[in-house]
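Using this note's numbering, the first residue of the sequence shown is number 1096, and each one after it goes up by one.
Every residue gets a Cβ at the ideal spot worked out from N, C-alpha and C, and that includes glycine.
Take a look at the structure set out below.
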Amino acid sequence: MDIILATNNAHKVQELRRMLEPLGYTLYSQKEKGISIEVEENGTTFEENAFLKAKAIYDLTGCAALADDSGLCVDALSGAPGVYSARYAGEPCDDKKNNEKLLKAMDGVENRAAQFVSVICYIDPQGKDHYFRGECPGEVGFEEKGDGGFGYDPLFMVGEKSYAEMTGAEKDAVSHRGRAIRLLADYLGR
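Laid out in structure tokens, this is it:
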């Protein structure tokens, strides 16, 4: 089955392909399909933002569409950056600036507990929306660690490793997006 990914984020495309293509799904990025729309993510929840993106692609193409909206929710920051994770330090999105702002906000904070959240909205070929939520508990590190991943990966610690220190397979096994994708794969496999 062909699915169009409602994202221009090459890192998300890579992760989604790594987990879904071995199951027999063919995933296309917006770029590969010649789609150049940018959807305004003005929802107040991960579910709303994922829906906005997937629905825009479905309405444009009539094909099955999949969108992920995810973010880091830090307990000591009342859940921030949350749905604003990509734009935490302002526009345009900048991973380095976001990480710097987070480290500054967490300076002197003892409670480092956080959760990475991913919500996938899959709109099937008939236009029905389905949601799959994955969460990964962890902590905000005191400094960036590792060279892999993207976004907050160098700061998000699961046990002794940051997401950025993990191999793709290690990250997929524990990550918020990996958990959401496994729920989606279970649904698609029915």
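Straight-line gap, residue i to residue j (C-alpha atoms, nearest Å)
i       : j       : result
Gly1119 : Leu1278 : 16 Å
Arg1207 : Gln1221 : 43 Å
Ile1152 : Cys1158 : 8 Å
Glu1265 : Asn1104 : 21 Å
Residue i, DSSP secondary structure in three states
i       : result
Ile1152 : helix
Gln1210 : strand
Leu1250 : coil
Gly1222 : coil
Lys1128 : coil
Glu1143 : helix
Asp1202 : coil
Asp1190 : helix
Residue burial classification, residue i (beta-carbon count within 10 angstroms, cutoff 16)
i       : result
Tyr1179 : exposed
Glu1234 : buried
Met1096 : exposed
Cross-strand partners of residue i (DSSP beta bridge)
i       : result
Glu1230 : Val1212
Ile1098 : Leu1122
For the pair the segment 1102 to 1111 and the segment 1157 to 1175, tell me if three or more CB-CB distances fall below 8 Å. The answer is yes - the segment 1157 to 1175 touches the segment 1102 to 1111, with three or more Cβ pairs under 8 Å.
Three Cβ pairs or more, each shorter than 8 Å: is that satisfied between the segment 1121 to 1131 and the segment 1192 to 1201? Not touching, per the Cβ criterion.
Meets three-Cβ-pair contact criterion under 8 Å: the segment 1224 to 1232 and the segment 1176 to 1191: Touching, no, given that fewer than three Cβ pairs across the two stretches are closer than 8 Å.
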